[in-house]
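Colleague: Per the numbering used here, the very first residue in the sequence shown carries number 21; after that it's consecutive. Think of the CB as a built atom: it goes at the ideal place given N, C-alpha and C, for glycine as much as any other residue. Okay, handing you the structure first.
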Amino acid sequence: MTAAEFDAVTIWSLVLRPPRGWDGKTAYLLRDGVIHCNGEAVRAYQFSDGTRLVNNEDLARAMRNGCVT
21 MTAAEFDAVT
31 IWSLVLRPPR
41 GWDGKTAYLL
51 RDGVIHCNGE
61 AVRAYQFSDG
71 TRLVNNEDLA
81 RAMRNGCVT
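This is the structure we're talking about:
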């Protein structure tokens, strides 16, 4: 899945500020969000380096309940 496809199915929160004392290099949590899949909410995270992740437990639960990714 591309970043654009991931973003298209995710409802994102507002962008967060860098943590106090940030070194300018280490990736930090930029924003969090949720992907809805057949009534299940899967938590999603985007980091300042562009990495996007989903919560594995949420994804496993959604897939057990019929969500097809």
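#1: Going by C-alpha to C-alpha distance, which of D27, P39, E77 sits closest to E60?
#2: List the endpoints of the continuous alpha helix (DSSP H) containing L79.
#3: Just to check my reading of the structure: V54 and L79 have Cβ atoms closer than 8 Å, yes? What is that Cβ distance to the nearest angstrom?
#4: Looking only at C-alpha atoms, which of W42, N58, R72 sits nearest to A82?
#5: Which of the three DSSP states, helix, strand or coil, is assigned to D97?
Modeller: Walking through what the data contain:
#1: On the sequence shown, residue 60 is found 40 positions in, with the first residue counted as 1. Checked all of D27, P39, E77; the closest Cα to E60 is E77.
#2: Along the sequence shown, one-based indexing puts residue 79 at 59. It spans 76–84 - the alpha helix (DSSP H) in which L79 sits, taken as one unbroken run.
#3: The residue given as residue 54 occupies position 34 in the sequence shown. The residue given as residue 79 occupies position 59 in the sequence shown. Not quite, the Cβ-Cβ distance comes to about 12 Å (not below 8 Å), so this is no contact.
#4: Within the sequence shown, numbered from 1, the residue matching residue 82 stands at position 62. Among W42, N58, R72, the Cα nearest to that of A82 belongs to N58.
#5: Past the boundaries of the shown model lies residue 97; the chain is included only from 21 to 89, so the question cannot be answered.
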